[in-house]
Each structure stands twice: as C-alpha cells, then as structure tokens.
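Note that the numbering used here numbers the sequence shown so that position 10 is 84, with each residue one more than the last.
Structure record follows, encoded as structure tokens.
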Amino acid sequence: GLGFGGLLLGKRADRHPSPLGLYAGLEAGIAISAGLSPLLLALVEWLYVAMGGSARLGLAGSSVVRLLLSLVVLGLPTFLMGGTLPAVARAVQGRADFGRRVVGLLYAVNTLGAVLGALLTTFFFLETVGIRKTIWIAALLNLLVVLAARSLARELPAEPAEATEEAADAESVAEPAPWPGWLAPFAAALVGFAFLLMELVWYRMLGPLLGGSSYTFGLILAVALLGIGLGGLIYGAGERQRRPTMLSFATTCS
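Laid out in structure tokens, this is it:
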C-alpha cells in the first residue's frame with residue numbers, strides 16, 4: 075500500500091497547486107479508513123470462517139484468501155499513507171536544497187514519531203485501552219493533523235497549475251543525474267528488500283532470548299525505526315549546499 079501510494083500519489087503531489095491541502099485530504103482519508111478498519115476486520119473474519127478457513131481451502135488457498143482479505147482492511151489507509159510524505163515534502167522543499175536536507179529531516183521526524191507510536195502501542199495502549207480504542211485514538215490524532223494542515227494551507231497561496239507543472243519539469247531536467255537513471259530505484263528496492271528481510275531475521279534470532287510475543291516484535295520494530303530516524307537526522311544536519319554523490323550513496327549501502 076505504501077509503495078503504490080508513493081508511486082501514484084507522489085506524481086500528483088508534484089503537480090498539485092496546494093500540496094499541503096492534498097496532504098490534509100490524504101490524512102483525512104487515512105483517519106476515516108483506519109477508524110473503520112475494526113468493522114472491516116469483523117467482516118473479513120466472518121467471510122473467512124464462512125469460506126471454511128484452511129481446513130476447506132488448504133494451505134495455499136487459505137494463504138491467498140488471507141492476503142486478499144488483509145488487502146481489504148489495510149489497502150486504502152496504507153495507499154493513502156504512501157502519498158503523505160511526497161505531499162508534505164513538496165510543500166516545504168526549496169529549489170536551492172540540492173541535497174534534499176529538508177526531506178531528510180521530515181523523514182527522520184516522521185520515523186522517530188513511528189518509534190514513539192510503536193513503543194506506546196506495544197507497551198501501553200494495547201494492554202490499557204485495547205486494540206479498537208488504540209486505533210480510534212490514532213485516527214483522532216490524525217484528524218488533529220488534518221485541521222492543522224488545512225489551516226496552514228489556507229494561509230499559503232496556491233500555485234497556478236502551470237507554474238507547478240513547469241517547476242516539476244524544471245526540477246527533473248535541471249541537472250544531469252550523477253548516475254544512471256535506473257540505479258537509484260533499483261538500489262532503493264534492493265535495500266528495502268534486504269532491510270525488511272533482516273528485520274524478520276532479527277525477530278527470529280531474538281525470539282528465543284526475548285520471547286516470541288508482540289512485545290518482542292514491537293521492540294525490534296522500534297529499534298529498527300530508531301536507526302532510520304537517527305540516520306535521517308544526521309543526513310539532514312549536514313552542510314546546506316552538500317550534494318549527494320555516488321560515494322556517499324555506496325557508503326550508506328555498505
């Protein structure tokens with residue numbers, strides 16, 4: 075959901091006259107769809123039981139059905155989430171920010187917020203208020219973000235559609251890429267694959283030590299996200315005129 079949301083909604087954010095207004099709309103959709111997810115979960119549970127579960131569908135069939143039913147519950151909110159970072163980044167980034175430091179700081183703050191959310195949810199909210207109320211609390215917090223974003227969007231003048239299209243085209247052709255155009259997306263996909271693979275490996279490795287519970291998974295998730303957030307902070311705190319190089323990219327991958 076995040077991947078396809080970033081791919082499709084990111085292009086729209088680049089050409090939207092009010093990217094902060096787009097961001098507010100996306101966050102509103104996330105709050106509503108996430109708030110309804112417990113009801114959808116009850117529905118797909120009933121459907122899965124009505125289909126007979128793994129006893130009737132078999133291992134492969136039940137796995138496919140569970141994947142599709144999970145998509146029904148999680149597809150819309152995660153798809154909308156994928157467009158939020160491109161939209162808010164488009165609203166704040168400057169053309170002189172060659173190294174995309176502001177985007178790095180946004181990504182860092184976003185991820186550190188996820189660390190706090192993972193820890194609070196794992197060790198406090200789930201036990202204290204339960205799953206449904208935890209989801210609804212998060213949805214209400216999202217609605218507060220929507221109100222703040224819409225208030226800011228009203229204060230900022232909207233850019234004409236022609237200006238946003240010209241700016242997007244100019245940014246894409248302003249400077250030649252320091253490496254082949256296919257390398258960055260390919261490397262990003264490979265790094266994402268390796269990172270999530272290793273997160274699951276770490277969970278399996280630490281399971282015998284910490285126990286295979288939701289606490290262990292939440293703790294490992296928080297630590298992994300903490301590393302990403304701190305890395306984004308370090309990158310964003312660098313020199314203002316610094317430009318990304320092949321060597322720095324290779325170093326971080328190494």
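Cβ coordinates follow ideal geometry from the N, Cα and C atoms, glycine included.
Bear in mind the structure is a predicted one, so any value in this text is a computation, not a measurement.
Using the Cα positions of residue i and residue j, report the straight-line distance between them to the nearest angstrom.
| i | j | result |
| --- | --- | --- |
| leucine 299 | valine 189 | 6 Å |
| proline 318 | leucine 307 | 15 Å |
| asparagine 216 | arginine 86 | 21 Å |
| leucine 230 | proline 93 | 10 Å |
| tryptophan 256 | aspartate 88 | 20 Å |
| alanine 248 | valine 162 | For alanine 248, the pLDDT reaches just 48, beneath the cut-off of 50, and the residue's location in the model is therefore unreliable, leaving the point undetermined. |
| tyrosine 97 | leucine 271 | 30 Å |
| glycine 103 | valine 265 | 29 Å |
| leucine 200 | leucine 193 | 10 Å |
Taking the alpha helix (DSSP H) that residue i belongs to, which residues open and close that run?
| i | result |
| --- | --- |
| methionine 155 | 127 to 155 |
| alanine 192 | 175 to 194 |
| alanine 311 | Neither: alanine 311 is in no alpha helix (DSSP H) and is coded neither H nor E. |
| proline 112 | 93 to 124 |
| proline 231 | Neither: proline 231 is in no alpha helix (DSSP H) and is coded neither H nor E. |
Answer yes or no: do residue i and residue j have a C-beta to C-beta separation smaller than 8 Å?
| i | j | result |
| --- | --- | --- |
| serine 111 | isoleucine 211 | no |
| valine 139 | tyrosine 122 | yes |
| valine 183 | glutamine 167 | no |
| glycine 303 | threonine 195 | no |
| glycine 109 | alanine 213 | yes |
| leucine 159 | leucine 180 | yes |
| leucine 100 | leucine 154 | yes |
| glycine 191 | glycine 75 | no |
| glycine 305 | arginine 175 | no |
| leucine 280 | isoleucine 294 | yes |
| arginine 224 | glycine 95 | yes |
| valine 220 | alanine 105 | yes |
Since I believe residue j is in contact with residue i (beta carbons under 8 Å), could you give me their beta-carbon distance rounded to a whole number of angstroms?
| i | j | result |
| --- | --- | --- |
| glycine 80 | glycine 157 | 7 Å |
| valine 118 | leucine 83 | 25 Å between Cβ atoms; not a contact. |
Quick one: does the C-beta of residue i sit closer than 7 Å to a heavy atom of the ligand FMN?
| i | result |
| --- | --- |
| leucine 221 | Judged by which ligands are present, the structure shown has none, so any question about the ligand FMN falls away. |
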